[in-house]
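Numbering (this note's numbering), first residue to last: 13 to 70.
Take a look at the structure below.
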Amino acid sequence: FALGPHLIGVLRRGAIDVVLTWGEPVVFEEASDRKAVARALEADVRRHTALALRGRAA
Numbered sequence: 013f014a015l016g017p018h019l020i021g022v023l024r025r026g027a028i029d030v031v032l033t034w035g036e037p038v039v040f041e042e043a044s045d046r047k048a049v050a051r052a053l054e055a056d057v058r059r060h061t062a063l064a065l066r067g068r069a070a
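Structure, rendered in structure tokens:
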């Protein structure tokens, strides 16, 4: 699908509020278990999202 029409629709709606949150850096090395790291990061993103939706800082 084309991004252009969707982007134009968003821009026409006017101002939007955006919340950006950064978690702690994660060390990822050759020996890291990528699936375990992915699970941990997913949990962290979910936690940050829930806090943002509740209006609380992470």
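C-beta: ideal position from N, C-alpha, C; glycine also.
None of the values given here were measured: they were computed from a predicted structure.
Residue span of the alpha helix (DSSP H) that contains G16, given as start and end:
15-24
Taking DSSP as the reference, what is the three-state secondary structure of D45?
coil
For a test of the three-state rule: what should DSSP assign to R59, helix, strand or coil?
DSSP places R59 in helix when its eight states are reduced to three.
Would you call the CB atoms of V38 and A64 closer than 7 Å?
No. Outside cutoff.
Helix or strand or just coil, what does DSSP make of E36?
When secondary structure is reduced to three states using DSSP, E36 falls in the coil class, being assigned neither helix nor strand.
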